[in-house]
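To keep things clear, I will list the structure first and then write my remarks on it.
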Ligand SMILES: [Zn+2]
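Numbering (this note's numbering), first residue to last: 1241 to 1599.
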């Protein structure tokens, strides 16, 4: 709108001939009269147009990484985005550093009840014209689906064969409720994604044409020695996917958290495997902002702008959605088209969705 109303500047050149200057003055006087007549009409037209566009929908966004969990008030702490920008010094003989921090001016508020979470999340999704792929509690996922029909796509993950038998996993997918396999997070279980104990699950996803999201990289501060003892940074190396991908040539996978911070390995893996995508979930609101932009810029610069999916890694803070989308919208190194690819087009292609349903 600013551009529309910007007054065009004159060139400042004097007219070459006085008569011509006079004609111009007369012409501009009549132009002003006409303008005085037209202007109110123009304002009316513009105002009615503005009302129309405010009613029309925003450009669609697909969030490929939402956790739909029961809210546990005991763990519903507020959180400062990009809290890992200043990881605390520590000593094993001292109390463990807290995983999050709230030492910022305006921490994101955690929802205290399932209803509060659902109302805030679905309200935001409707306002921003979003569709989400959600993992977690089936009852919560069904409630969200009821509140926003057609816009919540359920996913189910297996990270360790002890969680679910292969037969139960096949039944879950065959029921038709789940459309995606995720979040698969063997890294937290001390397993490589190519571990043969997970192979039968991936075989089912391949057979049923179900896309798979696998957690690789990230983890925050002290994941291995404070939070999840089986977690290993080395098990987030994107190269560990290679054997599994070779065994399942029709499997469609995306690397959740884009293998952060292993950009070289991620780029090499995507180069070698033409159907591997990544999502930006989680690390875009937890690690230092400049670091995040460097990482995204690096992936795009390496030529993979068509293989990056937007994801929030939504947990208990509803405002995380807007915070994370803002990171992409404010990325001045991305063109409008590149942002649209990340926020929508790439997910439509990857998940084989019908684009017309989301407009
Ligand atoms: Zn994850």
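Beta carbons: idealized from backbone N, C-alpha and C, even for Gly.
Every value quoted in this text rests on a predicted model; they were computed, and no experiment measured them.
{"Item": "When the distance is taken between beta carbons, is residue 1512 closer than 8 angstroms to residue 1551?", "Value": "no"}
{"Item": "Measure how close the beta-carbons of residue 1392 and residue 1381 come, nearest whole angstrom, since I'm counting them as under 8 angstroms.", "Value": "6 angstroms"}
{"Item": "Check whether the Cβ of residue 1404 lies closer than 7 angstroms to any heavy atom of ligand 1, and answer yes or no.", "Value": "no"}
{"Item": "Would you kindly work out how many angstroms separate the C-alpha atoms of residue 1533 and residue 1331, rounded to a whole number?", "Value": "31 angstroms"}
{"Item": "Compare the Cα-Cα distances from residue 1579 to each of 1548, 1358, 1319 and 1597 and report the closest residue.", "Value": "1548"}
{"Item": "Let me check one thing: in DSSP terms, what residues is residue 1494 bridge-paired to?", "Value": "1453 and 1517"}
{"Item": "Are residue 1481 and residue 1454 close, meaning C-beta to C-beta below 8 angstroms?", "Value": "yes"}
{"Item": "Just list the beta strand (DSSP E) runs in the stretch 1412-1480, keeping only unbroken ones of 3 residues or longer that don't cross its boundaries, in chain order.", "Value": "1420-1424 and 1452-1455"}
{"Item": "Our contact map puts residue 1486 next to residue 1536 with C-beta atoms below 8 angstroms; I'd like the distance itself, whole angstroms only.", "Value": "Residue 1486 to residue 1536, Cβ: 28 angstroms. No contact."}
{"Item": "In terms of residue numbering, what span does the alpha helix (DSSP H) encompassing residue 1364 cover?", "Value": "1354-1367"}
{"Item": "Along the chain, where does the alpha helix (DSSP H) that runs through residue 1534 open and close?", "Value": "1529-1541"}
{"Item": "Taking contact to mean 3 or more Cβ pairs, one atom from each stretch, closer than 8 angstroms, check whether the stretch 1357-1371 and the stretch 1325-1340 are in contact.", "Value": "no"}
{"Item": "What residues in its chain sit with their C-beta under 8 angstroms from that of residue 1465, if we drop five residues either side in the sequence?", "Value": "1332"}
{"Item": "Would the C-beta of residue 1425 count as close to ligand 1, meaning under 7 angstroms from any of its heavy atoms?", "Value": "yes"}
{"Item": "Use the C-beta contact count for residue 1291: other C-beta atoms within 10 angstroms, 16 or more gives buried, fewer gives exposed.", "Value": "Confidence in residue 1291 is poor, its pLDDT being 41 and thus under 50, which makes the residue's placement too unreliable to answer from."}
{"Item": "Tell me whether residue 1543 is buried or exposed, calling it buried when 16 or more other Cβ atoms sit within 10 Å of its Cβ.", "Value": "exposed"}
{"Item": "Whole angstroms are fine: how far does the CA of residue 1338 sit from the CA of residue 1597?", "Value": "43 angstroms"}
{"Item": "Please return the same chain residues whose Cβ sits closer than 8 angstroms to the Cβ of residue 1452, not counting the five positions on each side in sequence.", "Value": "1420, 1421, 1422, 1424, 1442, 1445, 1491, 1492, 1493 and 1494"}
{"Item": "Tell me residue 1345's beta-bridge partners as DSSP assigns them.", "Value": "Answer is none; residue 1345 lacks a bridge partner."}
{"Item": "Ordered along the chain, which non-local residues of its own chain (more than five positions away) have a Cβ less than 6 angstroms from that of residue 1559?", "Value": "1348"}
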